[in-house]
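Sequential numbering of the sequence shown, starting at 488, is according to this note's numbering. Here a beta-carbon is modelled for each residue, glycine too, at the ideal position from N, C-alpha and C. Please read all numbers here as calculations on a predicted model, not as lab measurements.
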Amino acid sequence: SDVPIVICHGDQDPIYKRPRAELEALIATGSPNMCFLYYSSTCGRLATGHTPRVGDQHNMASLVQFECLPRLMDSALCREGPEL
C-alpha cells in the first residue's frame, strides 16, 4: 500500500511475453496514482509494408533512446504526483 510501482514492458520481449491487458490488470491492483505502466508497442504496417515503430525487446532500448528513464523515475518517486 502506498508504494510506487513501475512496470516497463515491450511487446517484442522474447523472454517475458505478456499481453498489455494483463499488465494493465496488474497495475490496477496498486494504490491510485502510485502505479505507472510504460508499454512500448509495435505500430501497424503501412501500405508499403514498412513498420514505422517496433516495440521494445527485453532491454527496453526506448527508455534510453528517448531519455524516458529519468522522467519515469521522477514521476514514480514524486509524492505530489507525476504532473509536477
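So for L510, helix, strand or coil by DSSP? Judged by DSSP in its simplified three-state form, L510 adopts helix.
Apart from the five residues on each side of it in sequence, which residues of its chain come closer than 7 Å, Cβ to Cβ, to C495? Residues of the same chain with a CB within less than 7 Å of the CB of C495, apart from the 5 flanking positions on each side, are Y525, M547, L550 in chain order.
Segment limits, alpha helix (DSSP H) that includes L550: 548-552
Alpha helix (DSSP H) containing L556: first to last residue? Secondary structure note for L556: its alpha helix (DSSP H) is the uninterrupted segment 556-564.
Roughly how many angstroms lie between the CA atoms of G517 and A508, to the nearest whole one? In this structure, the CA atom of G517 is about 15 Å from the CA atom of A508.
Once DSSP output is grouped into helix, strand and coil, what is the label at S527? strand
Give me the Cα-Cα distance between P576 and T535, rounded to the nearest whole angstrom. Outside the displayed range of the chain (488 to 571) lies residue 576, so it cannot be described from this structure.
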